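First residue of the sequence shown? That's 1 in full-length UniProt numbering, and the numbers climb one at a time after it. Working notes, structure below.
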Amino acid sequence: MKLTSLQYFEKLIELKNYSEVAKYYGITQPSVSMNIKRLQSEFNDQLFIINPTTGNIKLTKAGKDLHKHAKVILQQWEKLETGIENRSLQDLNLGISHLISDGYFPSLLNKLNSEKINLIENDKKNY
1 MKLTSLQYFE KLIELKNYSE VAKYYGITQP SVSMNIKRLQ SEFNDQLFII NPTTGNIKLT
61 KAGKDLHKHA KVILQQWEKL ETGIENRSLQ DLNLGISHLI SDGYFPSLLN KLNSEKINLI
121 ENDKKNY
């Protein structure tokens, strides 16, 4: 099972339209359909019932079960990604005199912030 298939599945539940899901992810509608069919094949069960008249999408029991677990899996994946991204931040202790802190220092801080460096401000005046 691919994580992207679960993402498309969850987005389809939210948007209730294959074309809108494709537009959201910048892919083709057949690609969304293929991923949903792959999920149904992997679980050997239908996940949605589509009303041919209205086009409304309704989850089957299997779809509801998958939805419950897919939400948890995707939330955990997001936490993992965030944790790894934050781990790449480096701490930098930098001491600077208050006499020059109003000049070049603010632009330096902005540059460091954009370089994925975790800045910890400590306004100690030990002078």
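The C-beta atom is built at its ideal place from N, Cα and C for all residues, glycine as well. Treat the numbers as computed from the prediction; the structure is a model and nothing was measured.
By the 10 Å Cβ neighbour count, where 16 or more other Cβ atoms means buried, how is residue i classified, buried or exposed?
{"i": "N35", "result": "buried"}
{"i": "I13", "result": "buried"}
{"i": "L80", "result": "exposed"}
{"i": "S72", "result": "Per the sequence shown, the amino acid found at residue 72 is Val instead of Ser. Exposed, because fewer than 16 other Cβ atoms sit within 10 Å of the Cβ of V72."}
{"i": "H39", "result": "According to the sequence provided, residue 39 is Leu. The question's His does not apply to it. Under this definition L39 is a buried residue."}
Roughly how far, in whole angstroms, is the beta-carbon of residue i from the beta-carbon of residue j, given that I think they are within contact range, below 8 Å?
{"i": "S19", "j": "Q29", "result": "5 Å"}
{"i": "S63", "j": "L47", "result": "Going by the sequence as given, residue 63 is Gly instead of Ser. With 8 Å as the limit, G63 and L47 qualify as a contact, their Cβ atoms being about 4 Å apart."}
{"i": "Q7", "j": "L74", "result": "7 Å"}
{"i": "N56", "j": "K16", "result": "7 Å"}
Which ranges would you report for the beta strand (DSSP E) in the UniProt domain "HTH lysR-type" (1 to 60) if only whole runs of at least 3 residues count? For the UniProt domain "HTH lysR-type" (1 to 60), whole beta strand (DSSP E) runs of length 3 or above, ordered along the chain, are 48 to 50 and 57 to 59.
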